[in-house]
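J.: First residue of the sequence shown? That's 409 in our numbering, and the numbers climb one at a time after it. Ideal Cβ positions, reconstructed from N, Cα and C, are used throughout, including at glycine. Quick caveat: nothing in here was measured; it's all calculated off a predicted structure.
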Amino acid sequence: MSRTTLKSRKRQSPIHPGEILQLEFLEPLGITKYRLAKETGMPADRVSRLVKGKRDFSGDTALRLARYFGTTAEFWMNLQAKFDIDTAVEISGARIAKQVKPFKQSQPPKAA
């Protein structure tokens, strides 16, 4: 039986923070979703939906995971932000690049 890790992933789609939680924290540390829910005070359904990529990480979730795993809330929120941006690029990036032209300032702004 081979163990999946983020390094061995083949797909190119954005990585949901729940996948990182599962593969880099829960599995290596032998922590079940139930245990994580119980020890962090999160509902079991929330943890399950996070790991399945069906729920975004909130500030509350980030604070709880940071405290539990000894990370920072910013770590978890940055993973969520990266996922959101990567998803937007995948879905809308080309269309936005065609629709939105970069601002070009022809003259320096006038002093007030």
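Would you say residue 425 and residue 484 are within 8 Å of each other, going by their C-beta atoms?
T.: yes
J.: State buried or exposed for residue 472, treating a residue as buried only when at least 16 other CB atoms are found within 10 Å of its CB.
T.: The residue is buried, with at least 16 neighbouring Cβ atoms inside 10 Å.
J.: Applying the criterion that 16 or more other CB atoms from any shown protein chain within 10 Å of the CB defines a buried residue, is residue 420 buried or exposed?
T.: exposed
J.: Taking residue 475 as the reference, give the member of 506, 449 and 515 with the closest Cα.
T.: 449
J.: Return the chain-ordered ranges of every alpha helix (DSSP H) run that is complete within the segment 462-487 and spans a minimum of 4 residues.
T.: Listed in chain order, the complete alpha helix (DSSP H) runs (minimum 4 residues) inside the segment 462-487 are 467-477.
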